[in-house]
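The next block holds one structure in the form of structure tokens; read it before the comments.
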Amino acid sequence: MIKVEHSIVVPRSVDEVFSFLSNFEHDPHWQTGILEAKQTPEGVTLVGTTIRQVRKFLGRRLDYTGEVIDYEENKKIWVKSISGPYPFEGGYALEPVDGGTKVTFLLSVQPRGIIRFTQSMVARELKKQMEMDSSRLRDLLKA
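In this text, residue positions in the sequence shown follow this note's numbering: the first is 1368, and each later residue adds one.
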């Protein structure tokens, strides 16, 4: 199992940051490699909401569907895969801090096939991507 975590402070209120993050159709604007993102139902995120994403990672096109399994407005969103090449769980936890909102990104992935033999390399790439994406999110919401 690969687990990665990263936190960043976004200079916006918890409400603003959560509102942006809870619409998964915004993901291509700040997450590297996401080619498509479709949320059902559109614009409404609750437990049971599904998210279909097509992403490119390590040169491969990956098609995932996830389901929101835990949701607490302005505090956290947790998603679990229901289809895709690698089972995953991940999400965001938010808390108010001086100067904005601390966002903690968490991801657990269960590699399959040949990838399971390169877990340390995949973990490094996921961590690097998470750090870059969180900076893109901060910069996007700062503007």
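Even glycine gets a Cβ: it sits at the ideal position worked out from N, Cα and C.
Since we're looking at a predicted model, the values are computed, not measured.
Just to confirm, is the Cβ distance from K1509 to P1395 under 7 Å?
no
Nearest to L1336 by alpha carbon, out of L1473, L1388, V1421 and R1427?
This structure cannot speak to residue 1336, because the chain is shown only from 1368 to 1510.
With DSSP as the reference, identify every bridge partner of R1419, one or two as the case may be.
K1405 and T1432
What are the start and end residues of the alpha helix (DSSP H) that includes K1442?
K1442 -> no alpha helix (DSSP H), and no H or E assigned at all.
Which of the three DSSP states, helix, strand or coil, is assigned to G1457?
strand
To the nearest angstrom, how far is it from the Cα of E1372 to the Cα of Q1496?
11 Å
Integer Cβ distance of E1456 from V1470, believed to fall under 8 Å:
The Cβ separation is near 17 Å, so there is no contact.
Whole-angstrom C-beta distance between L1461 and V1435, which should lie under 8 Å:
At roughly 15 Å, the Cβ-Cβ gap does not stay under 8 Å, so V1435 and L1461 are not in contact.
The beta strand (DSSP E) that contains H1373, what's its start and end?
I1369 to V1377
Determine the contact status of I1449 and S1389, defining contact as a CB-CB distance below 7 Å.
no
Assuming F1385 is part of the beta strand (DSSP E), what are its boundary residues?
No beta strand (DSSP E) contains F1385, which is instead part of the alpha helix (DSSP H) from V1381 to L1388.
Have a look at G1451 and F1385 and give me their C-alpha separation to the nearest angstrom.
26 Å
Are T1468 and V1381 touching if we call contact CB-CB under 7 Å?
yes
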